[in-house]
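Protein chains in written order, with the UniProt record's numbering: chain W, 1 to 237; chain D, 1 to 327. C-beta: ideal position from N, C-alpha, C; glycine also. Take a look at the structure set out below.
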């Protein structure tokens, strides 16, 4: 697994492992497999996956010994040794099913996506719910998933005029990706629907509904189901 | 024990050492932007380590202490008064009950710290009491202080060092801020970033020769610099990678941005440099329109300086604890 890894020392306490330079599901899966392996064996190193790279952050004081070997080199060698010859994926990814109310006020850009793709609204929903997505990384805001696996026919550039506030739970398309806004945030992605699920809750034992590497599927629900779920205390908003 | 916020100042927030360990979920570290100043403020009031303190910006808050409280001020020099009496920085002061502490503007620097004995008692969020203003996470639902806020002060074991009755009193000694605050505006040490060589010749030269000024759009997320426009030989299409404090990015505007304590967890701009960790707080202390210039360094030199500073800080923390114990 180490053959294709480019290691860049970034800072006194950080290394970047780069697996490639493209947005690609197979490459991204390699990143998550490496993160799982490193976390299991190097608990004091914080691993932050992105599309094709993995950031390792550590406390230099914790990694320095009496000899003169710099902590950066020590972490680099420990990480590469662990990734050497490791199987590509050690564990099955988790699967998360996400209910979505498509269109109407919940998805004000659904008609625009339909027009842009030349597909009917029904067909857009069918294709969006047919795919299995993978969480490439979380970023932009706590719990915001960048999902790979969008049907290329649904790809659409971001809005020319980003919204100042996008409602929490909005499911959106930005370029070849789809994502979900965990909180009310400014945003330029095309909004096609909304989930009643709460994506990020600091009080929960596991604050983010989604984790890097998870598999995600969407299913369409109607207004009544949306209201029922949103009014249910606990896992929902 | 509580403190009432009469005026919040320009931007005042609760901060500790930050919230590591959640970047993979999109949660940044945040935390005090001038780590050593924050840590020394806590040490001066006898706090053990990671207690939350106030970080204030350019103009400090006005606070009313309902009970007798022991405080310390560090960071940028700031005018501080209780009634007619001035309160010195970089030492430990005891304030009598019902003191009204007025912090003024800063002549030099732009971030100050106020620690209280026992720390500010707020619930940790994801293991930290730091405020992430951008993500709206942390104490006070992740917002800055507002007039009318009431902050509780934590309990603290027995304390012999100082007791105020009618007027503020402070210890007969204080710290020399010199090693911890950059009065001279020295050049900041910068390592070349991954995309440094992708800049054109003139920009590569300018980065280590030209003077930049700190933009008024700077905040806890990033120090934005203005001055000579830097450019790439040709535009780069990059995919997002994890980001971290100290990274100097070059957005299409040509004006470099140095990420700070509230750095987003991912970023997609070319990375032309990485500021030495020991100089990051120095940059954060430059106020809008202050001048900045950079000198080249290597990762080895930067790591060595960081290690030495850590050792100096640890020695000083031990000395302070010992002197408070002896008092």
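According to DSSP, is residue i part of a helix, a strand, or is it coil?
i: residue 321(W); result: Residue 321(W) falls outside the range modelled here, since chain W spans only 1 to 237, and no answer is possible.
i: residue 77(W); result: helix
i: residue 202(W); result: coil
i: residue 234(W); result: Note that residue 234(W) scores a pLDDT of 49, beneath 50, so its modelled location is shaky; the value from the coordinates is reported in the next line. The answer is coil: DSSP assigns residue 234(W) none of H, G, I, E or B.
i: residue 9(W); result: strand
i: residue 64(D); result: strand
i: residue 152(W); result: helix
i: residue 94(D); result: strand
i: residue 325(D); result: helix
i: residue 319(D); result: helix
i: residue 174(W); result: strand
i: residue 122(D); result: coil
i: residue 127(W); result: helix
i: residue 120(W); result: coil
i: residue 19(W); result: coil
i: residue 139(D); result: helix
i: residue 190(W); result: strand
i: residue 216(W); result: strand
i: residue 215(D); result: coil
i: residue 313(D); result: helix
i: residue 17(D); result: coil
i: residue 164(W); result: strand
i: residue 229(W); result: helix
i: residue 25(W); result: helix
i: residue 112(W); result: helix
i: residue 115(D); result: strand
i: residue 165(D); result: coil
i: residue 226(D); result: strand
i: residue 78(D); result: strand
i: residue 144(D); result: coil
i: residue 236(D); result: coil
Beta carbon of residue i, beta carbon of residue j: below 8 Å?
i: residue 191(D); j: residue 285(D); result: no
i: residue 110(D); j: residue 76(D); result: yes
i: residue 58(D); j: residue 10(D); result: yes
i: residue 281(D); j: residue 21(D); result: no
i: residue 162(D); j: residue 294(D); result: no
i: residue 148(W); j: residue 136(W); result: yes
i: residue 200(W); j: residue 143(W); result: yes
i: residue 249(D); j: residue 203(D); result: no
i: residue 155(D); j: residue 104(D); result: no
i: residue 8(D); j: residue 102(D); result: no
i: residue 148(D); j: residue 5(D); result: yes
i: residue 14(W); j: residue 57(W); result: yes
i: residue 115(D); j: residue 47(D); result: yes
i: residue 220(W); j: residue 121(W); result: no
i: residue 101(W); j: residue 223(W); result: yes
i: residue 351(D); j: residue 28(D); result: Nothing about residue 351(D) can be read from this structure; chain D reaches only from 1 to 327.
i: residue 38(D); j: residue 175(D); result: no
What residues match up with residue i in a beta bridge as DSSP calls it?
i: residue 11(D); result: DSSP lists no partner for residue 11(D).
i: residue 145(W); result: 138(W)
i: residue 128(D); result: 125(D)
i: residue 179(W); result: 146(W) and 172(W)
i: residue 87(D); result: Note: residue 87(D) sits in no beta bridge, so no partner.
i: residue 105(D); result: 59(D)
i: residue 4(D); result: 64(D) and 150(D)
i: residue 100(D); result: 64(D)
i: residue 184(W); result: Beta-bridge pairing links residue 184(W) to no other residue.
i: residue 72(D); result: 92(D) and 115(D)
(message) Quick test of the definition: if touching needs 3 or more C-beta pairs under 8 Å, does the stretch 59 to 70 of chain D touch the stretch 178 to 191 of chain D?
(response) Counting Cβ pairs under 8 Å, fewer than three are found: no touch.
(request) Pair every Cβ in the stretch 47 to 58 of chain W with every Cβ in the stretch 7 to 21 of chain W, then say whether three or more of these pairs are closer than 8 Å. (result) Output reads yes: the stretch 7 to 21 of chain W touches the stretch 47 to 58 of chain W.
(message) Report the start-end ranges of each beta strand (DSSP E) in the stretch 30 to 106 of chain W that is 3 residues or longer and not cut off at the edges.
(response) The qualifying runs are 46 to 49, 53 to 57 and 95 to 102.
(request) Check whether the stretch 59 to 75 of chain W touches the stretch 179 to 192 of chain W, counting contact only when three or more Cβ pairs, one atom from each stretch, lie closer than 8 Å. (result) No, they do not touch.
(message) Please give me, in chain order, every unbroken run of the alpha helix (DSSP H) with length at least 4 that falls completely inside the stretch 238 to 308 of chain D.
(response) DSSP assignment within the stretch 238 to 308 of chain D yields the following whole alpha helix (DSSP H) runs of 4 residues or more, N-terminal first: 277 to 284.
(message) Please give the ranges of any beta strand (DSSP E) in the stretch 21 to 69 of chain D, keeping only runs that are unbroken, at least 3 residues long and fully inside the region.
(response) Taken in chain order, the unbroken stretches of beta strand (DSSP E) that lie wholly in the stretch 21 to 69 of chain D and span 3 residues or more are 53 to 57 and 62 to 65.
(request) May I have a chain-ordered list of the alpha helix (DSSP H) segments no shorter than 4 residues that lie completely inside the stretch 169 to 211 of chain D? (result) You should have 201 to 207.
(request) Kindly confirm or deny that the stretch 77 to 90 of chain D and the stretch 132 to 149 of chain D touch, where touching means at least three C-beta pairs closer than 8 Å. (result) Touching, no.
(request) Examine the Cβ distances between the stretch 24 to 32 of chain D and the stretch 205 to 213 of chain W and report whether three or more of them are shorter than 8 Å. (result) Yes, the stretch 24 to 32 of chain D touches the stretch 205 to 213 of chain W.
(message) Count Cβ pairs between the stretch 50 to 57 of chain D and the stretch 154 to 169 of chain W that sit closer than 8 Å; are there 3 or more?
(response) No contact exists between the stretch 50 to 57 of chain D and the stretch 154 to 169 of chain W.
(request) Specify whether the stretch 234 to 250 of chain D and the stretch 258 to 269 of chain D touch according to this definition: at least 3 beta carbon pairs, one from each stretch, less than 8 Å apart. (result) With the cut-off at 8 Å, the stretch 234 to 250 of chain D and the stretch 258 to 269 of chain D touch.
(request) Report yes or no: do the stretch 170 to 183 of chain W and the stretch 153 to 162 of chain W share at least 3 C-beta pairs separated by less than 8 Å? (result) Contact between the stretch 170 to 183 of chain W and the stretch 153 to 162 of chain W is present, because at least three Cβ pairs lie under 8 Å.
(message) For the structure I just gave you, are there three or more beta carbon pairs, one from the stretch 243 to 263 of chain D and one from the stretch 3 to 15 of chain W, closer than 8 Å?
(response) Segments in contact, yes.
(message) Contact between the stretch 91 to 102 of chain D and the stretch 162 to 173 of chain D is defined here as three or more beta-carbon pairs at a separation below 8 Å; is this criterion met?
(response) Yes, the stretch 91 to 102 of chain D touches the stretch 162 to 173 of chain D.
(message) Closer than 7 Å between beta carbons: that is the criterion. Which residues of the stretch 233 to 255 of chain D meet it against chain B?
(response) Included in the structure are the protein chains W and D, with no chain B among them.
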